[in-house]
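Presented below is the structure to which this report refers.
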Amino acid sequence: MQISTLIIAPTFFTAGVYVLLGRLIMIFGRSSSILSPKLYLWIFCTCDVLSLVIQAVGGGMASTASDNGTDTKPGTDTMVAGILFQLGSITIFAFFAVDFLHRTMRQKVLHTMTGTVVPLLAAMVFSITCIYIRSIYRTIELLQGWKGYLITNERFFIALDGTMMVLAVAIFNFIHPGYFLPKNKIVESSRDSPDMELRNETRA
């Protein structure tokens, strides 16, 4: 139960970051991203759910094998497959997030927003980086097995798992999306001009 919940929990935090990026794309306009906001939610949340199921099944297999005194390797390998799948989906998401940042900086629209969205963008990057580091640690840890060096030394768990997840979540307590999301919306102009126009939008 301990191992399964520790591995599964970050899935819900990454889903929050996916939703946040989707909201930012809606604010900056469709041209700021390769994918639409809805696709981020559907694609990456679906990947997270699949990852969650695979890891949960692997955790259950390993737990049952441990209780019965049989080989835990099949369950461990299944958990590793799940976390590798999650690591891959986060990597792809990180690529799209970097592309989003590149597009918004190239369009020079950040300064047109009411207030500043830069701290929120930085918080999002920081959070996903912490989750990414934690996923790499978990992958290596499980690959070493239940008696490996990483899993038998608590300091690595505290630094590379617990601390990373605390930081990934805590950053949004200080840079809360509810306060840092812009009040204005960048939308593509309906005119023939390819330029962007700024339209005020009252926050709900």
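Each residue of the sequence shown is one higher than the one before, starting from 14 at the first, in my numbering. Every residue, glycine too, gets a C-beta built ideally from N, C-alpha and C. Just so we're clear, the structure is a prediction, and the values are computed from it rather than from any experiment.
Buried versus exposed, by CB contacts within 10 Å (16 or more), residue i
i      : result
Ile105 : exposed
Arg147 : buried
Met177 : buried
Ala22  : exposed
Ser45  : buried
Cβ separation of residue i and residue j, assumed to be a contact under 8 Å, to the nearest whole Å
i      : j      : result
Ile188 : Ala110 : No, Ile188 and Ala110 are not in contact; Cβ-Cβ is about 16 Å, not under 8 Å.
Ile149 : Leu97  : Actually they do not touch by this definition, with Cβ atoms about 10 Å apart.
Phe26  : Ile144 : 6 Å
Ile141 : Ile103 : 7 Å
Ala238 : Cys58  : The requested residue 238 does not occur in the structure, where the chain is confined to residues 14 to 217.
Val130 : Pro195 : 5 Å
Leu133 : Phe193 : 4 Å
Leu63  : Pro190 : In fact, because the Cβ distance is near 26 Å, the residues do not count as touching under 8 Å.
Closest Cα partner of residue i within the set the options
i      : options                           : result
Leu156 : Thr85, Ser44, Ser79 and Gly29     : Thr85
Leu173 : Glu154, Asp80 and Ile67           : Glu154
Arg151 : Leu133, Ala94, Gly191 and Val138  : Ala94
Leu65  : Val130, Thr91, Gly42 and Thr77    : Thr91
Ile40  : Thr165, Gly175, Thr117 and Ile171 : Thr117
Val182 : Thr24, Arg36 and Gln15            : Thr24
Cut-off 8 Å between Cβ atoms - residues of its own chain near residue i, not counting five sequence neighbours on either side
i     : result
Thr89 : Gly71, Ala75, Leu155, Gly158 and Trp159
Proximal residues to residue i (C-beta, below 6 Å), its chain only, five neighbours per side dropped
i      : result
Phe169 : Leu163
Contacting residues, own chain, Cβ-Cβ under 7 Å from residue i (five flanking each side not counted)
i      : result
Asp205 : Low per-residue confidence applies at Asp205: pLDDT is 35, beneath 50, and the placement is therefore not dependable, though the value from the model is reported in the following sentence. Same-chain partners within the cutoff: there are none.
Val30  : Met137, Ser140 and Ile141
Practice prompt. Could I get the ranges of all uninterrupted beta strand (DSSP E) runs contained in the region 132 to 194, with 3 residues as the minimum, in chain order?
Written response: none
Discussion item. Ignoring anything shorter than 4 residues, give me the alpha helix (DSSP H) runs that lie fully in the region 77 to 130, in order along the chain.
Written reply: 86 to 120
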